[in-house]
Amino acid sequence: MIRAEGLQKRFGSIIAVENVSFTAPDGAVTGLLGPNGAGKTTSLRMVYGLMKPDAGRIEVDGKDLLAGPLDAQAHLGVLPDVSGLYPRLTPREHIRYFGRLHGLAAVELEARTQHWIDVLDMREFADRRVAGFSHGERTKVALARALVHNPQNILLDEPTNGLDVMSTRTVRDVIRRLRAEGRCVLFSSHVMQEVSALCDQIVVIAKGLVAAHGTPEELIRLTATSTLEDAFVALIGRETSVE
Amino acid sequence: MNFSRVLVVVHKELIDAIRDRRALYSILFGALFGPILIGFMLNRIADQQRGAQEIRIPVVGREYAPVLVKWLEQQSGVEIVPGPADPQAAVRDRVVEFVLVVPKEFPEKFRQSRPAPVQVVSDSSRQAARGKIQRLRNLLSRYSAEIGGLRLVARGVSPVIASALNIEDIEVSSAQQRAAQVFNIIPMFLIISAFAAGMQIATDSTAGERERGSLEPLLVNPIPRLALVLGKWIAAVASAAVGMTLSLAITSAVLLLVKLEDLGVRFNLTAYDALLLLAATLPAALLAPAIQMYLASFAKSFKEAQSYIGILMLLPTIPGIMANFYPLGNRPWMAPIPILGQFSLSTDVLSGKPPSPLILAVGALSAIAVGFLFVSLTTRLFSKEKIIFGR
């Protein structure tokens with residue numbers, strides 16, 4: 000479970016995140032929905048401990064992240080906005096590398112590595128160097144290495160951005176699978192269909208603030224609209240555009 | 000901190016580097032460039048030296064002084080060939096370097112025990128022939144002194160009386176000097192090889208990691224930044240050390256192949272010397288990657304990093320250049336100074352004054368300390384949001 004309270008982050012005079020609070024429970028998919036530049040990525044970066052908030056508090060499984068980022072990170076699986084790979088390593092080596100950094104021992108490491116290669120349908124290219132891989136293949140590698148240590152909490156920053164239909168399906172299947180296993184999944188997106196297809200609850204972020212928080216039905220009811228898209232537009236204000 | 004995680008990083012960086020052609024090329028280039036250049040220079044000096052010893056003398060008027068010519072012919076490395084019809088024109092036109100001319104009055108004067116004329120036709124503006132002409136003159140003087148001595152003995156006088164001076168040549172020949180200069184650049188090339196061989200991992204694991212966007216996912220893993228940087232450093236150090244050892248091995252082979260005694264250099268590189276040299280210079284393999292990683296961490300791309308590090312490559316040449324202007328010699332206080340220490344200690348080894356184990360240890364410990372300093376500076380950079388996210 001992830002809990003964020005009153006997160007704030009400014010870069011010089013620009014306030015990227017003004018006040019963001021939310022709770023992402025276990026066994027559910029929580030979507031951070033917002034237009035580009037709303038503060039989704041910055042919020043996620045604070046939650047996975049690479050950016051220090053100017054104010055606020057983050058709890059991972061009840062433990063204070065800012066007090067012990069490494070302990071918290073051990074329970075996080077993160078697919079950042081940019082997930083670069085090492086062109087001379089194979090997918091299997093990428094997954095192993097991150098597994099070893101998490102302290103997995105040989106037998107378990109091999110089993111988990113093979114598990115994710117199977118689940119993400121990577122057998123064909125698991126032992127080829129990643130230089131020249133397609134975007135979909137690269138995303139699968141990045142996802143597998145982020146999940147190799149069986150994290151309880153999974154953070155995905157725009158995971159399906161730019162993916163083809165088949166890869167998008169695979170990623171969605173993985174997200175559903177993780178929810179079914181009782182994990183906490185938090186992902187950001189600016190794509191409406193993505194969010195409505197997957198999320199149990201939605202945190203709408205606009206201009207660094209939480210505009211609304213609830214299940215898709217709650218958001219529709221709250222804004223007295225008929226579709227989630229209309230609800231979203233109503234929440235973030237008409238001046239900001241949505242794809 | 001869990002050291003096994005450090006080893007995980009070392010392992011990954013080394014695998015990555017072994018598959019990187021550029022890394023292998025930079026190790027090889029760094030290791031080969033110096034020794035090959037040194038070998039070439041020493042060989043050239045040796046050639047010139049040998050060339051002066053082995054002379055071919057074109058003689059005109061051989062029939063007037065058959066005994067002299069025969070004596071010359073018996074000297075080692077001397078070959079007599081018939082001279083050109085017009086000696087002066089031939090030398091001027093560079094057909095031959097010099098000619099020995101025996102005029103026809105030679106036999107008569109010689110018989111009368113009066114100074115018999117011989118002419119050495121040469122062109123003093125020709126640098127390359129100087130050694131050979133000098134040798135010819137020395138041979139002629141020796142012949143003159145021998146015959147003169149015999150004549151005195153025939154008259155019942157000791158030839159010693161005719162020698163007012165006993166000139167001893169204590170020769171610091173130019174060949175020897177030049178060879179010594181070549182020796183002085185060996186430490187520089189060894190240190191450069193550390194910079195060249197450490198460069199690839201040092202930049203790829205810092206600026207390269209930023210450029211690819213792989214730094215952010217890497218840093219999300221629950222290991223201390225120091226462990227990460229330490230792992231990257233150790234991998235780069237391993238590469239630098241391999242490059243340096245390779246360079247030293249090839250340099251040793253070159254020194255064994257070139258006959259140093261031909262150069263008048265009384266130096267035999269024993270295995271022990273080579274080990275001492277390694278002990279003196281290897282700390283540079285700790286320093287170079289640490290400094291390179293720190294600088295490269297500021298760069299957003301691999302290419303940007305290489306331009307910073309290219310300038311850094313000049314660092315090892317500074318002690319050599321400075322030594323020309325401020326001939327301080329090697330002092331013990333230099334040992335702990337980065338790069339200068341490795342330079343002065345290895346120069347000591349090469350000049351046959353091996354530094355004490357204590358001084359070697361001081362140099363190594365200082366390099367470890369300075370290396371750690373840069374590692375911790377790099378670790379700090381890796382915690383800055385501008386470095387992690389600034390692409």
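Quick note, the sequences are listed as chains A and B, same order. Take the first sequence: its letter number 237 is residue 236 in numbering that gives the first Met the number 0, and every next letter is one higher. Take the second sequence: its letter number 313 is residue 312 in numbering that gives the first Met the number 0, and every next letter is one higher. For each residue, glycine too, the CB sits at the ideal point set by N, CA and C. These numbers come from a predicted model, not from an experiment.
Measure from the alpha carbon of residue i to the alpha carbon of each residue in the options, then state which is nearest.
i, options, result
"B/Lys-302", "B/Arg-211, B/Ser-143, B/Glu-72, B/Gly-29", "B/Arg-211"
"B/Ile-132", "B/Val-90, B/Ile-146, B/Arg-330, B/Leu-67", "B/Val-90"
"A/Ile-174", "A/Met-191, A/His-189, A/Asp-199", "A/Asp-199"
"A/Arg-22", "A/Ile-14, A/Arg-9, A/Leu-43", "First, the residue type needs correcting, since residue 22 of chain A is Thr and not Arg in the sequence shown. Nearest C-alpha to A/Thr-22: A/Leu-43."
"A/Ile-1", "A/Leu-31, A/Glu-58, A/Met-50", "A/Glu-58"
"A/Leu-64", "A/Tyr-47, A/Asp-53, A/Gly-76, A/Val-77", "A/Tyr-47"
"B/Ala-64", "B/Ala-252, B/Phe-109, B/Leu-247", "B/Phe-109"
"B/Thr-250", "B/Pro-106, B/Val-8, B/Leu-274", "B/Leu-274"
"B/Ala-193", "B/Val-98, B/Phe-32, B/Leu-281, B/Thr-346", "B/Leu-281"
"B/Pro-106", "B/Phe-97, B/Glu-96, B/Val-117", "B/Val-117"
"A/Val-19", "A/Val-209, A/Gly-236, A/Ile-153", "A/Val-209"
"B/Ala-127", "B/Gly-60, B/Pro-102, B/Asp-46, B/Val-8", "B/Asp-46"
"B/Leu-218", "A/Val-77, A/Leu-177, A/Asp-25", "A/Val-77"
"B/Pro-216", "A/Leu-227, A/Met-50, A/Gly-11", "A/Met-50"
"B/Pro-221", "A/Leu-69, A/Ser-12, A/Ala-3", "A/Leu-69"
"B/Gly-370", "B/Met-292, B/Gly-242, B/Gln-180", "B/Met-292"
"B/Ser-382", "B/Leu-314, B/Arg-224, B/Pro-337", "B/Arg-224"
Using a threshold of 8 angstroms, state whether the C-beta atoms of residue i and residue j are closer than that.
i, j, result
"B/Ile-185", "B/Leu-349", "yes"
"B/Phe-373", "B/Ala-289", "yes"
"B/Val-257", "B/Leu-41", "yes"
"A/Gly-83", "B/Ser-213", "yes"
"B/Val-58", "B/Ile-44", "no"
"A/Leu-197", "A/Arg-171", "yes"
"B/Leu-247", "B/Leu-286", "no"
"A/Lys-62", "A/Ala-54", "no"
"B/Ile-462", "B/Pro-331", "In this structure chain B extends from 0 to 390, so residue 462 of chain B is not present and cannot be described."
"B/Leu-99", "B/Val-119", "yes"
"B/Gly-362", "B/Ala-239", "no"
"B/Ser-306", "B/Gly-340", "no"
"A/His-101", "A/Ala-141", "no"
"A/Phe-97", "A/Arg-137", "no"
"B/Ser-296", "B/Thr-377", "yes"
Leaving out five residues before and five after residue i in sequence, what residues of the same chain have Cβ atoms less than 6 angstroms from its Cβ?
i, result
"A/Glu-238", "With a pLDDT of 45 at A/Glu-238, under the threshold of 50, the predicted position of this residue should be treated as unreliable, though the coordinate-derived value follows. Around A/Glu-238: no qualifying Cβ."
"A/Thr-214", "Gln-200"
"B/Asn-165", "none"
"B/Asp-15", "none"
"B/Gln-73", "none"
"B/Leu-313", "none"
So if DSSP puts residue i in a beta bridge, which residue, or which two residues, is it bridged to?
i, result
"A/Leu-34", "Residue identity differs from the one stated: residue 34 of chain A is Pro in this sequence, not Leu. BP columns for A/Pro-34 are empty, so no partner."
"A/Ser-188", "A/Leu-32"
"A/Arg-2", "A/Thr-22, A/Glu-58"
"A/His-212", "A/Val-202"
"B/Pro-81", "B/Val-58"
"A/Asp-156", "A/Ser-187"
"A/Phe-10", "A/Ile-13"
"A/Leu-78", "A/Leu-155"
Say whether chain C places a C-beta atom closer than 8 angstroms to the C-beta of residue i.
i, result
"B/Ser-213", "Protein chains A and B are contained in the structure displayed, whereas chain C is not."
Leaving out five residues before and five after residue i in sequence, what residues of the same chain have Cβ atoms less than 7 angstroms from its Cβ?
i, result
"A/Glu-242", "Residue placement at A/Glu-242 cannot be trusted, given a pLDDT of 41 that sits under 50; what the coordinates show is reported in the next sentence. Excluding residues within five positions, the ones whose Cβ falls inside 7 angstroms are His-189, Val-190."
"B/Leu-229", "Val-5, Val-374"
"A/Ala-15", "Lys-8, Arg-9, Gly-38, Thr-41, Gly-207"
"B/Asp-272", "Val-348"
"A/Glu-157", "Asp-80, Ser-187, Ser-188"
"A/Val-194", "Gly-30, Leu-32, Ser-188, Ile-201"
"A/Gly-161", "His-134"
"B/Ser-345", "Pro-186, Leu-189, Leu-276, Ala-279, Thr-280"
"A/Pro-86", "Arg-128, Val-129, Ala-130"
"B/Ala-298", "Ala-206, Ala-304, Tyr-307"
"B/Ser-25", "Ala-195, Ala-196, Met-198, Gln-199"
"A/Thr-224", "Ala-230, Ala-233"
Take residue i and list the residues in its own chain whose beta-carbon comes closer than 8 angstroms to its own, dropping the five residues that flank it on each side.
i, result
"B/Tyr-142", "Leu-67, Trp-70, Leu-71"
"B/Ser-343", "Pro-318, Asn-329, Arg-330, Met-333, Ala-334"
"B/Ala-28", "One point to set straight first is that residue 28 of chain B is Phe, not Ala, in the sequence displayed. Same-chain partners within the cutoff: Ala-195."
"A/Ile-204", "Val-19, Leu-31, Leu-32, Gly-33, Ala-37, Gly-38, Lys-39, Ser-42, Ala-210"
"A/Leu-88", "Tyr-96, Arg-128, Val-129"
Curious, which full-length beta strand (DSSP E) runs of at least 3 residues does the stretch 42–66 of chain B contain?
-> 54–59
Taking only runs that begin and end inside the stretch 195–231 of chain B, name each unbroken beta strand (DSSP E) of 3 or more residues, in chain order.
-> none
Unbroken alpha helix (DSSP H) runs of length 4 or more, entirely within the stretch 25–75 of chain A: which are they?
-> 39–46, 68–72
Let me know the alpha helix (DSSP H) ranges lying completely inside the stretch 261–323 of chain B, each 4 residues or longer, listed in chain order.
-> The stretch 261–323 of chain B contains these whole alpha helix (DSSP H) runs: 270–280, 282–296, 301–311.
Note down, one range per segment and in chain order, each beta strand (DSSP E) of at least 3 residues found wholly within the stretch 87–148 of chain B.
-> 97–100, 118–121
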